[in-house]
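In the numbering used here, the protein residues as written are 6 to 86.
For every residue, glycine included, the Cβ atom is placed at its ideal position computed from N, Cα and C.
A short worksheet on the structure shown next.
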């Protein structure tokens, strides 16, 4: 028996027939189901798709003119060590 977070609550049975018994927290099942519902829309590849663009893009920094002046002034006023 495996808990929603992947922890074993009851070990595997030895070979042959047997019964596995464990106490479960039903609230843990609900919490995990809210984060990943494997029988809901996540299991519908026709309506859900994840695309990741791993291409390298240049970094562009835009700053408001008054902030640019403050930034440049700070660099000039820095005390020397």
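Cβ neighbours of residue 7 within its own chain (closer than 8 Å, five residues either side excluded): 13, 14. Annotation for residue 31: the continuous alpha helix (DSSP H) segment containing it runs 31–40.
Between the alpha carbons of residue 64 and residue 58 lies a distance of about 15 Å.
As the crow flies, the alpha-carbon of residue 61 is around 28 Å from that of residue 52.
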